[in-house]
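See below for the structure under consideration.
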Amino acid sequence: MRLIRLLADEEHLEEIFEILDDNDIDFIVTPGDEDSPSSKVIEFPIPTDGLGLILEEIREAGLDDDYIIVLNAENANTPHIEELQERYANDYDPLRLPELRSKARDQSQDPLSYAMMIFLSAIIAAAGLLVGSPAIVVGSMVIAPLVGPVLTATVGAVADDRPMLVDSVRIQALGLVAGVIGAVLFGLVVKTIGLAPTSLDITSLQLVSLRAAPTPFSIIVGAAAGAAAAFGLTTKGSNSLVGVMIAAALIPAAATVGIALAWSEYLVALGSGLLLVSTMAVVNLAMYLVLWVLYRDQDPSKLSFGDRVPTRAALVTVVLIVGAVAVAGIAVSQQALFQQTATQSVDAVLDDPAYSGVNSVSVQTEYAGLGSRLTSSSKSATVTVSASNESYPNLSEHLRDRIQSRAGGTRVTVRFSTFQQANQTRAG
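So the mapping is simple: the working numbering equals the position in the sequence shown, first residue as 1, plus 270.
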C-alpha cells in the first residue's frame, strides 16, 4: 500500500479530482503553499500495483514532479480501498521511471561502506574456498551488497541519468578491486602464519577449480541473476534474495582471483579474473535489456534527472563497459570452444571398445585465452574417469594425444576414480 501526497495548482485540481473519482480513489484535500493560496495538497492511498497507472494519468493531466511524495502505508481504511485492492491484486504494473529510480537509489550505499563489505565478504569467501566449505562461501554472499550499484547503473542507463550511471559503474569497479585485495591479503596471511602450505596446489581444490575460467554456465547464471534483479526491481517486492544470487556469481570469483595471486598461480588468476569481469558485464547487460524492454515506451527526456550532456566520464564509462563486454564475449567463446573440444576428444577415446569399462565423470578446462602469452602453459584439461579395478595403462596417453591433436599444446591431467564391482551370485 502506498500513500501519495502531491501539490497541485488550481488549474489542475478539477482534472485531478476527475481522475481520482473515475478510478474510485478516496482522497482528501488540504491547503497548500502559503505563497500560492490557490494550491492544494491532495492525499490518497493506492495499492502498489496501481501506483504507476494513477501517477501516469495525473502527469498526463499536466501536473509536474515538483512536489510528489510516495510513502509506504501499513494499512488504509477508506470506502473504496477493498475494491481497489481486488482490482489490482493480480495486475503486474511496473513502477514508472521516477519511482523506479527512487527505489534503486534506496538500495545504494556510500562507496566506503560498500567497499568494506565487499572486502570482508571476499575474505570469508576465500576462507570457504580454502577449507572446501560451500556453507562458508554461501555465507559470504549474504553480506555482499553487490545488487545496489548494479541496479543504479542499469536504471541510470535506462532513465538517461548519466551521473547516476557513471557513479554506479565506479562503485562496482571499486567493489571488485576491494574484493580481490581482501582475498589476496587473506591468502598471504594464511601462507605466512602456516595455516596453509606454500606449496598448495590450489587447482586441486574443487571450489577453486570450478571458478578457474569463464564457462557458458557462468554466463547463464549471471544473465539469469541480472534479469531476475531487474524484474524484481520493477515490482513492489524486495531484491534482497536476488542480490544474494548476484553475489553468488561474483564474490567467489573475486576470492579465487585473490587466492590465485597469493599463491602465484597467474594462469588461474587470469582465468578467474576473466570469469569475474565477464559475469559482471553479463549481469549489467541482462538487467539493462530487461529494463529497456519494460520501459522503452517511456520517454526519459520528460524527466529532470540532471545533466544529459555527454561528459568525458560518461564517455569513458561507456567505452569501458563496451570493452568489458567484448573481452568477456571473446574469453567465454574461446573457453566454451576449448571445453567442447576437450569433451568431444574424451568421448571419442572412451568410445573405443577397449575402454568399455571406463566412464567419463568430468572434464574441467582452463584456458588463458587473451592472456596466453603470460604463461608457458595457457591451456590445461583435467579429465576424471571412473573405472573398475581393471588396469588401463595407456588411457592417459591416448587422452592426451587426442586432446592435443585437436586443441594444440595442452597440459592434460587424468584422474582415476576406481571402484570394485561385485559378482552376481544367486542366493541358495
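Quick reminder that beta carbons are idealized off the backbone N, C-alpha and C, glycines included.
Fill in: Pairwise C-alpha distance: residue 456 and residue 328
Within the sequence shown, residue 328 is the residue found at index 58, counting from 1. Within the sequence shown, residue 456 is the residue found at index 186, counting from 1. Distance between the alpha carbons of residue 328 and residue 456: 55 Å.
Worksheet item: Hey, how far is the Cα of residue 682 from the Cα of residue 624?
Response: The residue labelled residue 682 in the question sits at position 412 within the sequence shown. The residue labelled residue 624 in the question sits at position 354 within the sequence shown. Looking at the two C-alpha atoms, the distance is approximately 21 Å.
Worksheet entry | Option nearest residue 620 by Cα separation, candidates 567, 607 and 684 | Looking up residue 620 in the sequence shown gives position 350. Of the candidates 567, 607 and 684, the one whose C-alpha sits nearest the C-alpha of residue 620 is 684.
Discussion item. Tell me the DSSP secondary structure of residue 297 in three-state form.
Written reply: As a position in the sequence shown, residue 297 is number 27, starting the count at 1. DSSP places residue 297 in coil when its eight states are reduced to three.
Fill in: C-alpha distance - residue 605 paired with residue 497, whole-angstrom precision
For the purposes of this step, residue 605 is taken as the residue at position 335 of the sequence shown. For the purposes of this step, residue 497 is taken as the residue at position 227 of the sequence shown. Using only the alpha carbons, I get a separation of about 24 Å.
Discussion item. For residue 336, tell me which candidate among 278, 324 and 531 has the shortest Cα-Cα distance.
Written reply: On the sequence shown, position 66 is the one that residue 336 refers to. For the residues 278, 324 and 531, the minimum Cα distance to residue 336 belongs to 278.
Fill in: Three-state class that DSSP yields for residue 654 in the structure shown
The residue labelled residue 654 in the question sits at position 384 within the sequence shown. Strand at residue 654.
Worksheet entry | Sequence-distant residues of the same chain with beta carbon closer than 7 Å to residue 348, five excluded per side | Walking along the sequence shown from the start, residue 348 turns up at place 78. The answer, listed in chain order, is 296 and 315.
Worksheet item: Does DSSP classify residue 666 as helix, strand or coil?
Response: Translated into the one-based positions of the sequence shown, residue 666 becomes position 396. Collapsing the DSSP output to three states places residue 666 in a helix.
Worksheet item: Measuring CB to CB, does residue 354 end up less than 9 Å from residue 312?
Response: The residue given as residue 354 occupies position 84 in the sequence shown. The residue given as residue 312 occupies position 42 in the sequence shown. No; because the gap between Cβ atoms is not below 9 Å, this pair is not in contact.
Fill in: Own chain residues within Cβ distance below 7 Å of residue 673, not counting five before or after
As a working note, residue 673 is residue 403 in the sequence shown. These residues qualify, in order along the chain: 612, 615, 651, 680 and 682.
Worksheet item: Which partner residues does residue 683 have in the DSSP bridge list?
Response: Here residue 683 is taken as the residue at index 413 of the sequence shown, counted from 1. Paired residues: 652.
Discussion item. Looking at residue 523: is its Cβ nearer than 9 Å to the Cβ of residue 481?
Written reply: What you label residue 523 is simply residue 253 of the sequence shown in a count that begins at 1. What you label residue 481 is simply residue 211 of the sequence shown in a count that begins at 1. Cβ distance < 9 Å, so residue 523 and residue 481 count as in contact.
Worksheet item: Where are the alpha helix (DSSP H) runs, 4 residues long or more, that stay fully inside the stretch 397-442, in chain order?
Response: 404-412 and 417-428
Worksheet item: Where residue 351 and residue 429 are concerned, what is the direct C-alpha to C-alpha distance, given to the nearest angstrom?
Response: Mapped onto the sequence shown, residue 351 falls at position 81. Mapped onto the sequence shown, residue 429 falls at position 159. Taking the straight line joining both Cα atoms gives about 32 Å.
Discussion item. Please report the straight-line C-alpha distance between residue 577 and residue 417, rounded to a whole angstrom.
Written reply: As a working mapping, residue 577 is identified with position 307 in the sequence shown. As a working mapping, residue 417 is identified with position 147 in the sequence shown. At residue 577, the pLDDT of 49 sits below 50, so the modelled position is not reliable; the number obtained from the coordinates is stated separately. The straight-line gap from Cα to Cα measures roughly 25 Å.
Worksheet entry | Where residue 630 sits in the DSSP three-state scheme | Within the sequence shown, numbered from 1, the residue matching residue 630 stands at position 360. If DSSP states are grouped into helix, strand and coil, residue 630 belongs with the strands.
Worksheet item: Can you give the beta carbon distance from residue 391 to residue 406, rounded, assuming they're within the 8 Å contact cut?
Response: Within the sequence shown, the letter at position 121 stands for residue 391. Within the sequence shown, the letter at position 136 stands for residue 406. Not a contact, Cβ separation roughly 11 Å.
Worksheet item: So, using beta-carbon positions, are residue 435 and residue 504 closer together than 9 Å?
Response: Along the sequence shown, one-based indexing puts residue 435 at 165. Along the sequence shown, one-based indexing puts residue 504 at 234. Going by C-beta atoms, residue 435 is not nearer than 9 Å to residue 504.
Discussion item. What does DSSP give as the partner residue(s) for residue 324 in the beta ladder?
Written reply: Locating residue 324 in the sequence shown gives position 54, where the first residue counts as 1. Paired residues: none, contrary to the question.
Discussion item. With H, G and I counted as helix, E and B as strand and the rest as coil, what does DSSP make of residue 530?
Written reply: For this step, residue 530 is matched to residue 260 along the sequence shown. Three-state DSSP puts residue 530 in a helix.
Item to complete: For residue 310, write down the residues that DSSP places opposite it in a beta bridge.
Response: Walking along the sequence shown from the start, residue 310 turns up at place 40. Bridge partners of residue 310: 278 and 301.
Worksheet item: Using CA coordinates, which residue listed in 284, 272, 294 and 357 is at the minimum distance from residue 321?
Response: Working through the sequence shown from its first residue, we reach residue 321 at position 51. Among 284, 272, 294 and 357, the Cα nearest to that of residue 321 is on 272.
Discussion item. Runs of 3 residues minimum, wholly inside the stretch 471-528: which ones carry the beta strand (DSSP E) assignment?
Written reply: none
Item to complete: State the Cα-Cα distance for the pair residue 554 and residue 372, rounded to the nearest angstrom.
Response: Within the sequence shown, the letter at position 284 stands for residue 554. Within the sequence shown, the letter at position 102 stands for residue 372. Distance between the alpha carbons of residue 554 and residue 372 is about 19 Å.
Worksheet item: Is it buried or exposed for residue 535, if we count other Cβ within 10 angstroms and need 16 for buried?
Response: Reading the sequence shown from its first residue, position 265 is the one you call residue 535. With 16 or more Cβ atoms within 10 Å of its Cβ, residue 535 is classed as buried.
Worksheet item: Can the beta-carbon of residue 409 be found less than 9 Å from the beta-carbon of residue 394?
Response: As a position in the sequence shown, residue 409 is number 139, starting the count at 1. As a position in the sequence shown, residue 394 is number 124, starting the count at 1. Cβ atoms of residue 409 and residue 394: closer than 9 Å.
Fill in: Exposure of residue 380, with buried meaning 16 or more beta-carbon neighbours within 10 Å
In the sequence shown, the residue the question calls residue 380 occupies position 110. That one is exposed.
Worksheet item: Taking Cβ positions, are residue 633 and residue 662 nearer each other than 9 Å?
Response: Stepping through the sequence shown from its first residue, residue 633 is reached at position 363. Stepping through the sequence shown from its first residue, residue 662 is reached at position 392. Not in contact: residue 633 and residue 662 (Cβ atoms no closer than 9 Å).
Discussion item. Using only the alpha-carbon positions, how far apart do residue 326 and residue 500 sit?
Written reply: Within the sequence shown, residue 326 is the residue found at index 56, counting from 1. Within the sequence shown, residue 500 is the residue found at index 230, counting from 1. Rounded to the nearest angstrom, the two C-alpha atoms are 21 Å apart.
Worksheet item: Thinking C-alpha only, which one of 667, 630, 676 and 668 is nearest residue 657?
Response: Along the sequence shown, read from residue 1 onward, the residue named residue 657 stands at position 387. For residue 657, the nearest C-alpha among the options comes from 630.
Item to complete: Might you give, ordered along the chain, the residues of its own chain that have their beta carbon closer than 8 Å to the beta carbon of residue 404, omitting 5 neighbours on each side?
Response: Within the sequence shown, residue 404 is the residue found at index 134, counting from 1. Only 398 and 477 meet the Cβ criterion.
Worksheet item: Relative to the alpha-carbon of residue 671, which residue among 687, 635, 660 and 618 has its alpha-carbon at the smallest distance?
Response: Counted from its first residue, the sequence shown places residue 671 at position 401. Out of 687, 635, 660 and 618, 618 has the C-alpha closest to the C-alpha of residue 671.
Practice prompt. Give me the Cα-Cα distance between residue 420 and residue 443, rounded to the nearest whole angstrom.
Written response: As a first step, residue 420 must be located in the sequence shown, where it is residue number 150. As a first step, residue 443 must be located in the sequence shown, where it is residue number 173. Between residue 420 and residue 443, the C-alpha separation is close to 11 Å.
Discussion item. Within 10 Å of its beta-carbon, does residue 487 have 16 or more other beta-carbons around it, so buried, or fewer, so exposed?
Written reply: As a first step, residue 487 must be located in the sequence shown, where it is residue number 217. It is exposed - the Cβ of residue 487 has fewer than 16 other Cβ atoms within 10 Å.
Worksheet item: For residue 513, does the count of other Cβ atoms within 10 angstroms reach 16, so buried, or fall short, so exposed?
Response: Sequence index remark: in the sequence shown, residue 513 carries index 243 (1-based). Result: buried.
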